[in-house]
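Chains as they are written, first to last, in my numbering: chain A, 198 to 575; chain B, 198 to 575. Each remark here refers to the structure printed beneath this line.
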């Protein structure tokens with residue numbers, strides 16, 4: 198293997214695949230990045246065995262020569278080290294060459310490194326995935342879908358399947374659900390090009406968070422291939438593989454009440470900020486609980502108190518209220534997470550008394566639902 | 198106590214005094230900030246008993262009313278909590294009032310907090326310092342003096358006096374010295390208005406680091422008052438007190454060689470970057486050692502190797518070299534710390550063989566000296 202490459206392009210590629218590399222891995226070769234160069238360009242692969250990311254840097258792009266390939270070949274180099282070296286090299290070009298015994302020579306200006314590499318044939322192969330059935334979603338839309346649901350996954354390993362987001366494709370619709378049994382987030386998306394098959398998989402929350410960091414905010418399509426054990430997200434330059442979680446995801450539809458006694462419409466940002474303030478006093482307490490009560494004159498009150506610190510009250514104007522008066526308590530964190538997903542929009546909160554789950558939707562749009570189970574304090 | 202204040206002014210003041218507040222203190226009242234309001238304005242005080250910071254917000258500034266004082270008084274409130282509350286309040290004005298039992302009412306818009314305060318008479322008094330003898334140094338110059346020396350203090354408590362910077366005022370000159378016995382930094386400064394008395398004190402490195410964060414980059418004067426146990430730095434708005442370290446600072450002048458066998462002039466930035474790169478391979482090893490050798494043709498070589506990772510070499514052009522050939526090894530970290538103090542200037546390195554301390558000065562300016570003790574490897 199021998200090639201020259203524009204330093205910033207190599208660095209950009211490394212930064213993408215580094216996201217899959219964990220320093221905590223028990224498989225030593227996975228602390229490395231695999232580089233493989235052919236006439237067409239350089240592919241970089243990083244993996245922690247749950248998530249694998251591959252990116253491809255073309256030799257020529259828009260008529261500009263990015264890589265000059267002198268000899269095809271491949272090598273595995275320690276990821277963090279390689280990234281730091283490339284970041285600190287003195288000139289805008291890098292020369293790399295694998296010599297005998299996987300010894301790798303890296304040169305830039307007058308700086309010369311000889312790094313001990315690892316035999317690339319020992320690097321795990323990528324999962325084989327046939328892409329005959331595809332979901333296609335724009336990058337920015339995919340990012341929203343992830344952002345609006347993934348925070349609600351469980352962080353406890355007691356029911357591993359709840360640490361993932363349930364993705365179901367059915368009747369031309371994608372339904373994403375996450376729950377940790379105290380709250381639930383559900384996002385529905387009508388697919389423009391629905392696949393022929395139905396799917397029913399659980400994608401680890403951690404993988405979706407990593408995916409979000411990699412895909413851009415553009416409307417470029419992401420091609421999603423789902424198999425029984427793996428999901429692959431393909432963008433123009435990046436292949437992102439994640440294993441799927443095993444086990445049946447619980448039926449969550451029956452958790453969502455269908456009738457409500459109180460319906461409040463208000464702005465999500467005003468409510469978020471008031472809860473953020475009230476939670477300052479609740480923070481020291483277990484669970485970080487705030488109170489929420491309807492008031493006369495189209496207002497709600499958010500309040501919190503702690504015997505050792507003090508108390509806080511705040512009245513917030515609402516748009517409308519229908520039905521019974523309501524007083525309940527909930528986790529400030531859960532409520533703030535849910536409200537953040539509405540990004541400042543006006544929302545409808547539908548409640549059924551102090552001890553029943555309540556739900557939140559956007560006023561204009563029913564595709565996103567957030568459910569929270571209140572906490573007993575009244 | 199009752200007053201109204203512009204929220205961002207209160208927040209700016211809190212952010213300054215918060216720098217002295219430690220959550221690790223064993224004195225509970227020092228987790229709080231003392232607020233004291235008079236007709237003239239609001240003073241805020243924070244302390245961790247080593248460092249005390251006081252700032253004063255004037256009621257009126259440049260014809261603008263910053264504070265409306267309704268009743269004079271004082272209170273101590275939990276620092277982190279108060280800071281977060283003020284940061285998150287909804288409007289640009291804050292109303293504060295102390296009610297019975299130190300209960301403190303904070304209001305902004307429709308948000309109302311009742312916080313349990315602490316009796317302000319229990320808060321430690323500021324050290325009494327008479328300012329008959331003063332050093333006066335511009336803020337930016339003071340910051341440089343600190344930056345160029347403080348990194349070299351010892352982090353080990355085995356000789357506590359070495360965790361501070363030795364400040365000596367003598368013959369119209371301020372001499373600042375820090376050493377951890379493996380390296381030494383010395384900065385001399387001719388005082389424009391030298392005080393009548395001589396001084397000889399050791400200021401904790403930690404205090405000087407905190408001071409640097411607070412004083413601005415302007416050329417505004419800082420008034421420095423030194424007593425036997427305390428030093429006070431006074432700027433327009435802030436009083437910064439630090440305790441001094443006890444014990445005699447060692448005589449460091451005899452550590453600095455006076456004759457040299459090799460003199461090299463080169464650019465500090467080029468050398469810094471080469472060592473930064475070489476240290477990537479040295480990092481895993483104990484002490485992070487790099488090699489430095491003079492070469493033919495007005496060059497030096499910086500290199501490093503690690504049996505498990507590989508090796509790196511880099512040649513750097515120098516301006517001039519006089520005297521004997523040299524080969525030695527040193528800590529990459531110590532050398533990079535020292536070079537950083539020269540801020541990219543051209544430097545003179547004066548050496549006396551592989552095992553003797555060497556020194557660095559700027560080419561144009563002899564006020565700053567950095568000394569490093571090499572490590573035995575050749």
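Here a beta-carbon is modelled for each residue, glycine too, at the ideal position from N, C-alpha and C.
Check                                                                                                      : Outcome
Residue 457/A, DSSP secondary structure in three states                                                    : coil
Exposed unless 16 or more other CB atoms sit within 10 angstroms - verdict on residue 250/B                : buried
Residue-chain proximity (residue 510/A, chain B), Cβ-Cβ < 8 Å                                              : yes
First and last residue of the uninterrupted beta strand (DSSP E) at residue 473/A                          : Looking at the DSSP string, residue 473/A is not in any beta strand (DSSP E); the run it does join, the alpha helix (DSSP H), is 465 to 479.
Interface partners of residue 206/B on chain A, CB under 9 Å                                               : Correct list: empty, because the minimum Cβ distance to chain A is about 20 Å.
Length of the line joining the Cα atoms of residue 544/A and residue 223/A                                 : 46 Å
Opening and closing residue of the beta strand (DSSP E) in which residue 420/B lies                        : 418 to 423
Residue 479/A versus residue 572/A - alpha carbon distance                                                 : 14 Å
Among 379/A, 322/A, 468/A, nearest to residue 516/A - alpha-carbon criterion                               : 468/A
Any non-hydrogen atom of the ligand ADP closer than 7 Å to residue 564/B Cβ                                : Looking at this structure, you won't find the ligand ADP or any other ligand, since it has none at all.
Inter-residue spacing [alpha-carbon to alpha-carbon] between residue 492/B and residue 316/A               : 36 Å
Residue-chain proximity (residue 289/B, chain A), Cβ-Cβ < 8 Å                                              : no
Buried/exposed call for residue 552/A, threshold 16 Cβ in 10 Å                                             : exposed
Cβ-based contacts, 7 Å cut-off: residues of the segment 304 to 318 of chain A near chain B                 : 307, 308, 309, 310, 311, 312, 313
DSSP state of residue 337/B mapped onto helix, strand, coil                                                : helix
C-beta atoms of residue 444/A and residue 358/A nearer than 8 Å                                            : yes
Residue of 268/A, 220/A, 230/A, 228/A minimising C-alpha distance to residue 238/A                         : 268/A
Below-8 Å beta-carbon distance, residue 492/A vs any chain B residue                                       : no
Which of helix, strand or coil DSSP assigns to residue 382/B                                               : strand
C-alpha gap between residue 337/B and residue 389/B, whole angstroms                                       : 15 Å
Option nearest residue 270/B by Cα separation, candidates 296/B, 255/B, 347/B, 563/B                       : 296/B
is_contact[residue 520/A, chain B] using C-beta, thresh 8 Å                                                : no
Segment limits, alpha helix (DSSP H) that includes residue 404/A                                           : 402 to 411
8 Å Cβ cut-off: residues of chain B touching residue 335/A                                                 : None at all; the shortest Cβ gap to chain B is about 35 Å.
Environment of residue 418/B [buried if 16+ CB atoms lie within 10 Å]                                      : buried
CB contact flag (residue 363/A, residue 446/A, <8 Å)                                                       : yes
Where residue 453/B falls, given that 16 or more other Cβ within 10 Å makes a residue buried               : exposed
Helix, strand or coil at residue 237/B [DSSP, three-state]                                                 : coil
Extent of the continuous beta strand (DSSP E) to which residue 320/B belongs                               : From DSSP, residue 320/B is part of no beta strand (DSSP E); its letter is neither H nor E.
Close Cβ partners of residue 274/A (< 8 Å) along its chain, the five nearest in sequence each way excluded : 229, 230, 232, 301, 312, 314, 315
Backbone CA spacing between residue 461/A and residue 556/A [nearest angstrom]                             : 11 Å
Per DSSP, the bridge partner or partners of residue 365/B                                                  : 372/B, 397/B
Burial state of residue 584/B, where buried means 16 or more other Cβ atoms lie within 10 Å                : Beyond the ends of chain B as shown, which are 198 and 575, falls residue 584/B; an answer cannot be given.
Exposed unless 16 or more other CB atoms sit within 10 angstroms - verdict on residue 562/B                : exposed
Contacting residues, own chain, Cβ-Cβ under 7 Å from residue 287/B (five flanking each side not counted)   : 305, 306, 308
Per-residue contacts from residue 384/A into chain B (C-beta, under 7 Å)                                   : What residue 384/A touches in chain B: nothing, since even the nearest Cβ is about 29 Å away.
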